[in-house]
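What follows is a single structure, written as structure tokens, with notes after it.
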Amino acid sequence: MNNTILQNGQISRNGFQGISEEEIAAAGHCLESALAGGAAQARVTVSKNILDSIQLLNGEIDKVSRNADRALSIHLFVDGRYGTYSTNRFSFDSIDEFILKAISRTRMLTPDKCRHLPSPELYARNAVSGRELGLYDRHYECISPEDRVKAAMAGTVYGSDRISSRHTLISEECEYSDSVDDCYIIDSQGFTGRHTETSFSFWSEITIQDRNGDRYSGYWWSSAPAYDRLMIYGCSETALSRAEAQVGATGHSGGKFTMVVDSTCSSRLAAPLLNALYGSAIQQRNSFLDGTLNRKIFPDELTVRDMAWSKGETGSRLFDPEGIATRETDIIRNGTVEMYFINTYFSDKLGMPATVNGPSRPVILPFNRYTAGNGLDYKENGINLQAILESAGNGILVTGFNGGNCNSTTGNFSYGIEGFAFRDGKITHPVREMLITGNMVSLWQSIMAAGSDAREGARWQIPSLAFGDVDFTGE
């Protein structure tokens, strides 16, 4: 088996070949061909990726898969018109034919004066090798198919003495996967950028049955850009414990309660908030945060920061898909909306400066309004879920969402939830068939605490959260 280390396009043991000099040359030829063919501007992207996975069912291999992709795509700006096209043929002759057809089709489209490349001063200039942020793990080069099977088998507990369940274990599904992505972008205004990263993950879902025949499922996962940070061992045990914790769920009366949301699902509430800051939603009047830029909307304690340059952390990047440089900046600072996510197109549409196309690695900074002024240094001590429960006292802990939606224009939401009632900071019993309703702005205005316990390996670093006086509908 080939054990060559991946370097400048050489093939590694696992068969991955990074973007080669020949493919970079093909991207350059594609750009030259587009300009020679009549394009006023153009951007070319070469992307290569491989995803390998081993799926287990009840401790045995159920599915082995490998997905590999290589593509050359181009954004064309021709006679005031705009089109995007993609091919997997990299020979110069094929590229010339591809560009000729693409330009011809672009000229058939409706003109749009807002379509053009970004201002060059916004470009990132520091993404040369693609590995500046430490997101590429050289260990990936040495992984064999046998290694993947061993990793997957290390996580399964079905039929082993690692667990003892009080209930009937119906099934265990596990999956180990690893992937590598390599992306190279150039454009006609001189931008060149590269981003390379690896990812390793393991997840487990366990289903049990209680004595009444009712079934419950629990899920847990681990993910990291580096193999030695992947926590395979313990995922299935945690999944089992989360399933067993649901046994005996009872109804709960409705009313206004403090709501604590576990970090495993808190991003469900952060997503509408961040999505409302996109330029596309603002321009289309489809955002409940339209008109809030530079306005104080939320409590002083709430700060959401985009930690785009967090070295070695998932989600970090030096440039967005247009080549615009990212930066470490506050999205919401002390309750004030500091930025919208505005790409070049919506910058022209809105008459506002371009920023980036979206958040890279949004982080909600920890705070606890329940204990404000008590002198505790939370940066040192941290705020975990138990600390939030103890501060909140009584309420409902949400550990999962079961359907529902949020109206992006009004911010009104309705979600089914699962979780637990808690009293005096201690969980009392699981609850079922409950619904939360309200408005996103009002909800986030009522935030009381944010932990320092966001899931490692998640691109969005959303921790456990606490909100006051949330409307619950129960039995």
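If you read the sequence shown in our numbering, its first letter stands for residue 11, the second for the next number, and so on.
C-beta: ideal position from N, C-alpha, C; glycine also.
Spell out the partners DSSP gives residue i in its beta bridges.
{"i": "I195", "result": "T55 and G203"}
{"i": "G426", "result": "L445"}
{"i": "N502", "result": "An answer regarding residue 502 cannot be provided, because it is not within the stretch 11 to 485 covered by the chain."}
{"i": "S43", "result": "Answer by DSSP bridge pairing: none, since S43 is not bridged."}
{"i": "R8", "result": "Any question about residue 8 goes unanswered here, given that the chain covers just 11 to 485."}
{"i": "G228", "result": "I216"}
{"i": "C184", "result": "L66 and S214"}
{"i": "L171", "result": "First, the amino acid is wrong: residue 171 is Asp here, not Leu. Its beta-bridge partners do not exist; DSSP assigns none."}
{"i": "Q471", "result": "V373"}
{"i": "N378", "result": "A459"}
{"i": "T94", "result": "H85"}
{"i": "F351", "result": "Y288"}
{"i": "D316", "result": "T339 and P372"}
{"i": "L179", "result": "I218"}
{"i": "G410", "result": "E428"}
What are the start and end residues of the beta strand (DSSP E) that includes residue i?
{"i": "H439", "result": "K436 to N449"}
{"i": "H85", "result": "E70 to V88"}
{"i": "P372", "result": "P372 to I374"}
{"i": "F267", "result": "G265 to V271"}
{"i": "A459", "result": "I457 to A460"}
{"i": "R337", "result": "That residue, R337, is in no beta strand (DSSP E); it is neither H nor E in DSSP."}
Roughly how many angstroms separate the alpha carbons of residue i and residue j, rounded to a whole number?
{"i": "D297", "j": "K359", "result": "First, the residue type needs correcting, since residue 297 is Ser and not Asp in the sequence shown. Taking the straight line from one Cα to the other gives about 16 Å."}
{"i": "A253", "j": "I216", "result": "7 Å"}
{"i": "I292", "j": "L284", "result": "12 Å"}
{"i": "E182", "j": "L67", "result": "6 Å"}
{"i": "Q17", "j": "G28", "result": "Caution applies to Q17, whose pLDDT of 39 falls short of 50 and renders its modelled position unreliable; the value that the coordinates give is listed next. Whole-angstrom Cα-Cα distance: 8 Å."}
{"i": "A318", "j": "G368", "result": "11 Å"}
{"i": "L386", "j": "S211", "result": "Confidence at L386 is low in this model, with a pLDDT of 44, below 50, so the placement of that residue is unreliable and no value is reported for it."}
{"i": "E390", "j": "P473", "result": "Residue placement at E390 is flagged as unreliable, the pLDDT there being 49, under the threshold of 50; the coordinate-derived value follows with that caveat. Distance between the alpha carbons of E390 and P473: 16 Å."}
{"i": "V451", "j": "A464", "result": "22 Å"}
{"i": "H205", "j": "R125", "result": "25 Å"}
{"i": "A37", "j": "I180", "result": "52 Å"}
{"i": "T120", "j": "G93", "result": "10 Å"}
{"i": "S129", "j": "V257", "result": "58 Å"}
{"i": "L299", "j": "I64", "result": "43 Å"}
{"i": "T455", "j": "F477", "result": "Per the sequence presented here, residue 455 reads as Gln, with Thr not at that position. Those two C-alpha atoms are separated by around 9 Å."}
{"i": "E428", "j": "G410", "result": "5 Å"}
{"i": "Y350", "j": "T302", "result": "10 Å"}
{"i": "T208", "j": "A35", "result": "24 Å"}
{"i": "G426", "j": "T447", "result": "9 Å"}
{"i": "A397", "j": "E42", "result": "59 Å"}
{"i": "E31", "j": "T336", "result": "26 Å"}
{"i": "T14", "j": "Y150", "result": "Per-residue confidence for T14 stands at a pLDDT of 33, beneath the threshold of 50, marking its modelled position as unreliable; the derived number appears in the next sentence. For T14 and Y150, the distance between alpha carbons rounds to 12 Å."}
{"i": "Q199", "j": "T116", "result": "20 Å"}
{"i": "A459", "j": "D197", "result": "45 Å"}
{"i": "D103", "j": "L110", "result": "11 Å"}
{"i": "I437", "j": "V159", "result": "38 Å"}
{"i": "L127", "j": "N422", "result": "36 Å"}
{"i": "G420", "j": "A431", "result": "Reading off the sequence shown, one finds Thr at residue 420, where the question assumed Gly. Taking the straight line joining both Cα atoms gives about 30 Å."}
{"i": "I173", "j": "S290", "result": "49 Å"}
{"i": "E33", "j": "S101", "result": "9 Å"}
{"i": "A78", "j": "I84", "result": "20 Å"}
{"i": "L45", "j": "Y194", "result": "19 Å"}
{"i": "A112", "j": "V366", "result": "27 Å"}
{"i": "R295", "j": "D238", "result": "46 Å"}
{"i": "R315", "j": "R76", "result": "36 Å"}
{"i": "A364", "j": "F356", "result": "8 Å"}
{"i": "S227", "j": "S273", "result": "18 Å"}
{"i": "M74", "j": "S187", "result": "Going by the sequence as given, residue 74 is Val instead of Met. Between V74 and S187, the C-alpha separation is close to 10 Å."}
{"i": "F108", "j": "I307", "result": "50 Å"}
Could you please give the first and the last residue of the uninterrupted alpha helix (DSSP H) stretch that includes residue i?
{"i": "K306", "result": "Element bounds for K306: n/a, residue is neither H nor E."}
{"i": "T116", "result": "F102 to T116"}
{"i": "F482", "result": "Taken as a continuous stretch (DSSP letters only), F482 belongs to no alpha helix (DSSP H), being part of the beta strand (DSSP E) at L475 to T483."}
{"i": "T248", "result": "C245 to E254"}
{"i": "G289", "result": "G289 to Q293"}
{"i": "G28", "result": "No alpha helix (DSSP H) holds G28; DSSP gives it neither H nor E."}
{"i": "R158", "result": "P155 to G165"}
{"i": "I398", "result": "L395 to A402"}
Which whole-angstrom value is the C-beta distance of residue i and residue j, which I expect to be below 8 Å?
{"i": "R223", "j": "E443", "result": "In the sequence on display, residue 223 carries Gly and not Arg. Contact doesn't hold; Cβ gap of about 18 Å is too wide."}
{"i": "S154", "j": "L61", "result": "The pair is not a contact, with the Cβ atoms about 16 Å apart (cut-off 8 Å)."}
{"i": "I105", "j": "H39", "result": "6 Å"}
{"i": "G435", "j": "G403", "result": "6 Å"}
{"i": "L312", "j": "G345", "result": "5 Å"}
{"i": "N136", "j": "L328", "result": "6 Å"}
{"i": "D72", "j": "K266", "result": "Not quite, the Cβ-Cβ distance comes to about 46 Å (not below 8 Å), so this is no contact."}
Three or more C-beta pairs under 8 Å: does that hold for the stretch 229-238 against the stretch 454-473? Verdict: yes, contact present.
Pair every Cβ in the stretch 216-227 with every Cβ in the stretch 163-179, then say whether three or more of these pairs are closer than 8 Å. Result yes; three or more Cβ-Cβ pairs closer than 8 Å.
Quick check: the stretch 43-52 against the stretch 83-93, are there 3 or more CB pairs under 8 Å? Contact between the stretch 43-52 and the stretch 83-93 is present, because at least three Cβ pairs lie under 8 Å.
Touching or not, the stretch 244-251 and the stretch 372-383, by the rule of three or more beta carbon pairs under 8 Å? In short, these stretches do not touch, since the Cβ pair count stays below three.
Below 8 Å, can you find three or more Cβ-Cβ pairs linking the stretch 271-287 to the stretch 413-424? Yes: at least three Cβ pairs fall under 8 Å.
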